[in-house]
Amino acid sequence: MPLTMAASGEINTVKRINGKDETRRFLENLGFVKGGQVQVIAKISGNLIVNVKDTRIALSQSMANRILV
């Protein structure tokens, strides 16, 4: 399921990242790697604030839809 459908507070494992090579590389540089842990902190108007590797990151809804957990 896409990260946008994950419940707040739940810790999820990244299964796959969709998109072009450039987009996947960008997300990997932020810490979204296959097998990595990600936690949704808050959902605001479809956009997400997530915790990855002890860092909070804000993602747009379109970017978060590319991350499958």
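Taking this note's numbering, the leading residue of the sequence shown gets 6, the next gets one more, and so forth.
Note that the Cβ used here is the ideal one computed from N, Cα and C, for glycine as well.
Query: Beta-carbon contacts of SER13 that lie in its chain and below 6 Å, excluding the five residues immediately before and after; Result: VAL45
Query: ALA63 burial status per 10 Å Cβ neighbour count (16 or more: buried); Result: exposed
Query: Continuous alpha helix (DSSP H) assignments of at least 4 residues falling wholly in the segment 24-52; Result: 26-35
Query: Alpha-carbon to alpha-carbon, ASN56 and VAL74; Result: 14 Å
Query: Distance, ASN23 Cα to LYS39 Cα; Result: 11 Å
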